[in-house]
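In what follows, a single structure is set out as structure tokens and then discussed.
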Amino acid sequence: MKKIISLLLLTVLFASCNEYQKALKNDDVAAKFEMGTKLYEAGKYSKAIRLFEQIAPAYRGKPQAEKLFYMFAQSYYKTKQYYLAGYQFESFVSGYPKSEKVQEAAYLGPKSYSMLSPVYSLDQTDTFKAIDKLQAFIDTYPNSEYLPEANATVRALSEKIEKKVFENAKGYNTILDYKSAIVALDNFIADYPGTPYKEDALFYKFDSAYQLGINSVDYKMEERLNVAKTAHTNLMKFNADTKYKKVANEMLARVEQDLQKFSK
């Protein structure tokens, strides 16, 4: 019995593959549309795409075009071809503004771009693009069922940008460019006042000012040491029990010691 069932399955599979190959080579666009639809509904999106690519130009302006281009966009999305999916969803929204699928497509377009957002350490051009497109969706459809997910995605992408900016600012400290570190960290704190990285930013600003101060020539040292002292005060005001407390206080002791020679 099992052998019979397996044989039947193989027969059906072979027939299906044969039917698909015939559709690929067939000049009948209606036959390609029908086969593409069957494949799409069966979840065989990669095969459906090959057929949709062949017939898309011929179907523009036809009654079946709305269904075709929706399936086309979804097939790209389901196969994680997000650049193409984003483009197709945007084209769908532009071409079929009265479609019952338009709001879904309007969301999945920006969602596709958000899937292209890389890890924070890489270039964030696609992340900024996704945020802009998602914000446009939020503004256009403020009552959409997709609004909570869209807002959550924007927050996640924005947090990635925030981490990128912090790590870039901190990076100046890492490469010992302390002047640039102080400026970059100041800008970061000003631009992201509620950031979860504020304590770290305040410490690395202090460390940068400290390193700059203790390694200065005499005529610049006093001013720079006082800048470092103020940076330490700001860190402690933010969190008196900071995780950096021990090392920060040791650094402060060195600052105060070096300042003593200027008070004599």
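Mapping the sequence shown onto my numbering, position 156 (from 1) lands on 297, and the numbers just tick up by one. Note that the Cβ used here is the ideal one computed from N, Cα and C, for glycine as well.
Asked, Found
"Beta-carbon spacing of residue 226, residue 253 below 8 Å", "yes"
"CB contact flag (residue 350, residue 329, <8 Å)", "no"
"Residue 225: CB within 7 Å of a non-hydrogen atom of the ligand ZN", "Among the ligands in the structure shown, none appear at all, so the ligand ZN cannot be discussed."
"Proximal residues to residue 333 (C-beta, below 6 Å), its chain only, five neighbours per side dropped", "303"
"Chain B within 8 Å of residue 301, Cβ atoms only", "Considering every chain present, this structure includes no chain B. It has just one protein chain."
"Residue 149, DSSP secondary structure in three states", "In this prediction, residue 149 has a pLDDT of 48, which is less than 50 and means its spatial position is unreliable; what the coordinates show is noted afterwards. Reduced to three states, the DSSP call for residue 149 is helix."
"Short Cβ contact (8 Å threshold) for residue 375 with residue 353", "no"
"Neighbourhood of residue 291 by C-beta distance below 7 Å, restricted to the same chain and skipping five residues each side", "248, 275, 278 and 279"
"Coil, strand or helix - residue 138 by DSSP", "Here the chain covers residues 142 to 405 and nothing more, so residue 138 does not appear."
"CA-to-CA distance, residue 215 to residue 193, given in whole angstroms", "11 Å"
"Whole-number beta carbon distance between residue 323 and residue 346, since they are thought to touch under 8 Å", "6 Å"
"First and last residue of the uninterrupted alpha helix (DSSP H) at residue 98", "Because the chain in this structure spans residues 142 to 405, residue 98 falls outside the shown range and cannot be described."
"Opening and closing residue of the alpha helix (DSSP H) in which residue 381 lies", "Looking at the DSSP string, residue 381 is not in any alpha helix (DSSP H), and its letter there is neither H nor E."
"Residue environment, residue 390, which counts as buried when at least 16 other CB atoms sit within 10 Å", "exposed"
"Nearest to residue 401 (by Cα), restricted to the options 386, 381, 367 and 383", "367"
"Local conformation of residue 338 per DSSP, three classes", "coil"
"Length at least 3, wholly inside the region 177-257: the beta strand (DSSP E) runs in chain order", "none"
"Where residue 349 sits in the DSSP three-state scheme", "helix"
"When 392, 339 and 399 are compared against residue 379, the one with the closest alpha-carbon", "339"
"Straight-line Cα distance separating residue 177 from residue 219", "15 Å"
"C-beta atoms of residue 180 and residue 171 nearer than 8 Å", "no"
"Same chain only: Cβ atoms within 8 Å of residue 156, ignoring 5 sequence neighbours per side", "Because residue 156 carries a pLDDT of 49, less than 50, the predicted location of this residue cannot be relied on, and the following value inherits that uncertainty. Correct list: empty, nothing qualifies."
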